[in-house]
Each structure stands twice: as C-alpha cells, then as structure tokens.
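A.B. asks:
There are 2 protein chains.
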Amino acid sequence: MFRHVVLLAWTSDATDEQKAAVLTALGTLPDAVPQLRSYVFGADAGISPGNHDLAIVADFDSADDYAVYRDHPAHQAVIAEYIKPILASRAAVQYEI
Amino acid sequence: MFRHVVLLAWTSDATDEQKAAVLTALGTLPDAVPQLRSYVFGADAGISPGNHDLAIVADFDSADDYAVYRDHPAHQAVIAEYIKPILASRAAVQYEI
Numbered sequence: 001m002f003r004h005v006v007l008l009a010w011t012s013d014a015t016d017e018q019k020a021a022v023l024t025a026l027g028t029l030p031d032a033v034p035q036l037r038s039y040v041f042g043a044d045a046g047i048s049p050g051n052h053d054l055a056i057v058a059d060f061d062s063a064d065d066y067a068v069y070r071d072h073p074a075h076q077a078v079i080a081e082y083i084k085p086i087l088a089s090r091a092a093v094q095y096e097i
Numbered sequence: 001m002f003r004h005v006v007l008l009a010w011t012s013d014a015t016d017e018q019k020a021a022v023l024t025a026l027g028t029l030p031d032a033v034p035q036l037r038s039y040v041f042g043a044d045a046g047i048s049p050g051n052h053d054l055a056i057v058a059d060f061d062s063a064d065d066y067a068v069y070r071d072h073p074a075h076q077a078v079i080a081e082y083i084k085p086i087l088a089s090r091a092a093v094q095y096e097i
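Going down the list, the protein sequences come from chains A and B. 78 is the number that UniProt numbering gives to position 78 of the first sequence; each next residue is one higher, with no gaps. 30 is the number that UniProt numbering gives to position 30 of the second sequence; each next residue is one higher, with no gaps.
1. Sort B:F2, B:I97 and B:L7 by Cα distance to B:G50 and report the nearest one.
2. Please list the partners that A:Y82 has in chain B, where partner means a Cβ-to-Cβ separation under 8 Å.
3. Pull out every residue of the region 22 to 49 of chain B whose Cβ sits closer than 7 Å to any Cβ of chain A, in chain order.
4. Can at least three beta-carbon pairs, one atom from the region 75 to 85 of chain B and one from the region 72 to 88 of chain A, be found at a separation below 8 Å?
5. Have a look at B:Q35 and B:H72 and give me their C-alpha separation to the nearest angstrom.
6. Is the beta carbon of A:F2 sitting closer than 8 Å to the one on A:F41?
7. Which chain A residues are close to B:V68, counting only those with a beta carbon under 7 Å from its beta carbon?
8. Strictly by DSSP, which residues pair up with A:Y69?
9. DSSP has A:I83 in a bridge; who is on the other side?
10. Rounded to whole angstroms, what's the CA-CA distance from B:R70 to B:Y95? Just pull it up for me.
11. Taking the alpha helix (DSSP H) that A:V22 belongs to, which residues open and close that run?
12. Who does B:S89 pair with in a DSSP beta bridge?
13. Measuring CA to CA, which of B:D65, B:V57 and B:A67 is closest to A:I97?
14. CB A:T11 to CB A:A88, shorter than 8 Å?
15. Could you work out which residues of chain B lie near A:I97, taking near to mean beta carbons separated by less than 7 Å?
16. Check A:F29 in the structure and name its three-state DSSP category.
17. List the residues that DSSP assigns as beta-bridge partners of B:A63.
18. Note down the Cα distance separating B:D53 from A:G46, rounded to an integer number of angstroms.
19. Could you tell me the distance, in whole angstroms, from the CA atom of B:T28 to the CA atom of A:E17?
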C-alpha cells in the first residue's frame, strides 16, 4: 500500500471554530474519495511543545490512487476553504507501506 | 489507541549510507520497546517537491506508553547516533485514534 502523511500547524490567530471546521470537513472526504482505504486524522494531544497541530495519515492501494485524492475537487475544496486560511506550516511524506 | 507521527528532513550533505542506517536502526526498536503496538516507517517516495525525507507512524495503547517509547534508551540511542547527525528539520503530532 501507499501512505500519505501530512502534519499541519495553524496560525496563532486561528480560532477554535476554524480548527474544528477543518476536522469536520476532513471527515467528509472518505465518502467523497473512494480511493481512500484508510483515513486517520486528529488534533494534536498537546503533550509535546513545538508540535504541529493536526495529523492526517491516509492509505491508498497505490501512488496513482494517492494522486487521485491529492487532486480531487472535494479535497481541494477542503484545503482552499478550511485549511489555507489558517495554515502556518505544512510537512508531508509519502511512502510505501 | 494513541498515535505518534514524526516527519524528519535530512541535511543536504547527508549520505545515502547515513540515511539507510537510520532505517536499519529504527527497525531494531519494535523488539526493544514492547509498548510499540505498530511501527510503520519509511523513506519518502520522492514524488512531491518540498517533502520531508522520512515518516514514522507509531501506535501505542496509551499516551503513557508513548512516553515510555519517547524516553526509552534504545530510542534515544537511535536519535543520538543516527538521526541527530543528519537532522535538518522535524515535525511531530501525537493524537488519539
């Protein structure tokens, strides 16, 4: 399988409502993107200073299926409407598992 | 369960041998740290510009078990001997799954 991992950090002025809206919006993607085999995301637990604020671990059958997710209009809409307005930093890795 | 996700980026002068040695060293940790329920790590596939270079996704029964791993001498030795010498950047999140 092929795994996509992304960690996001929010701007200091991001509100709790904006952060919660990202989680809600991400929750719609498994139904919208059938290539998603597993989609496990969540807010940082707050036990480690300097952490990013949100993790997404997404598994696919192949790198091609990951690309379908990456470019999917539903995913791009979540990024544009909910993530980008409060995004301070992003780190990502894709790897074979 | 409790998940720890970390993404690492290597310095530009890190050698292929040094990068491979990190993977080998990480592979010893599941036997050394019984609190690890799942440990799935790998080098970035190289299909996305700007990515970090290595992902580790580690699952535990609890945040307390994650702390045992974090502070375990075998883990700290891998960090000190293999990771720190070539580490350029690190991003992490812990979250309930």
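We put the CB at the ideal spot given by N, CA and C, even for glycine.
C.D. replies: From the atom records:
1. As a first step, residue 50 of chain B must be located in the second sequence, where it is residue number 50. Among B:F2, B:I97 and B:L7, the Cα nearest to that of B:G50 is on B:L7.
2. Position 82 of the first sequence holds residue 82 of chain A. Near A:Y82 there are no residues of chain B at all, since even the closest Cβ is about 18 Å away, more than 8 Å.
3. From the region 22 to 49 of chain B, only V40, G42, A43, D44, A45, I47 and S48 have a Cβ closer than 7 Å to chain A.
4. Taking 8 Å as the limit for Cβ pairs, the verdict is that the region 72 to 88 of chain A does not touch the region 75 to 85 of chain B.
5. Along the second sequence, read from residue 1 onward, the residue named residue 35 of chain B stands at position 35. Along the second sequence, read from residue 1 onward, the residue named residue 72 of chain B stands at position 72. Between B:Q35 and B:H72, the C-alpha separation is close to 10 Å.
6. Translated into positions along the first sequence, residue 2 of chain A becomes position 2. Translated into positions along the first sequence, residue 41 of chain A becomes position 41. Against a cut-off of 8 Å, the Cβ pair of A:F41 and A:F2 comes out as no contact.
7. In the second sequence, counting from the first residue as 1, residue 68 of chain B sits at position 68. Neighbours of B:V68 in chain A, taken as residues whose beta carbon is under 7 Å from its own, are absent, since the nearest beta carbon is some 13 Å off.
8. In the first sequence, the residue the question calls residue 69 of chain A occupies position 69. Under DSSP, no beta-bridge partner is assigned to A:Y69.
9. Position 83 of the first sequence, counted from the first residue, corresponds to residue 83 of chain A. Answer is none; A:I83 lacks a bridge partner.
10. Numbered from its first residue, the second sequence carries residue 70 of chain B at position 70. Numbered from its first residue, the second sequence carries residue 95 of chain B at position 95. If you take the alpha carbons of B:R70 and B:Y95, they lie about 15 Å apart.
11. Taking the first residue of the first sequence as 1, we reach residue 22 of chain A at position 22. Its alpha helix (DSSP H) spans residues D16 to L26.
12. On the second sequence, position 89 is the one that residue 89 of chain B refers to. Answer is B:A9.
13. Within the first sequence, residue 97 of chain A is the residue found at index 97, counting from 1. For the residues B:D65, B:V57 and B:A67, the minimum Cα distance to A:I97 belongs to B:V57.
14. Residue 11 of chain A sits at position 11 when you count from the first residue of the first sequence. Residue 88 of chain A sits at position 88 when you count from the first residue of the first sequence. A contact, by the Cβ cut-off of 8 Å.
15. Working through the first sequence from its first residue, we reach residue 97 of chain A at position 97. What A:I97 touches in chain B, judged by beta-carbon distance under 7 Å, is V40 and G42, going in chain order.
16. Translated into the one-based positions of the first sequence, residue 29 of chain A becomes position 29. The question names Phe, but residue 29 of chain A is Leu in the sequence shown. In the structure shown, the three-state DSSP call for A:L29 is helix.
17. For the purposes of this step, residue 63 of chain B is taken as the residue at position 63 of the second sequence. For B:A63, which the question treats as bridged, DSSP gives no partner whatsoever.
18. As a first step, residue 53 of chain B is located in the second sequence; it is residue number 53 there, counting from the start. As a first step, residue 46 of chain A is located in the first sequence; it is residue number 46 there, counting from the start. Straight across, the Cα-Cα distance linking B:D53 with A:G46 is about 24 Å.
19. The count along the second sequence starts at 1 and reaches residue 28 of chain B at position 28. The count along the first sequence starts at 1 and reaches residue 17 of chain A at position 17. For B:T28 and A:E17, the distance between alpha carbons rounds to 42 Å.
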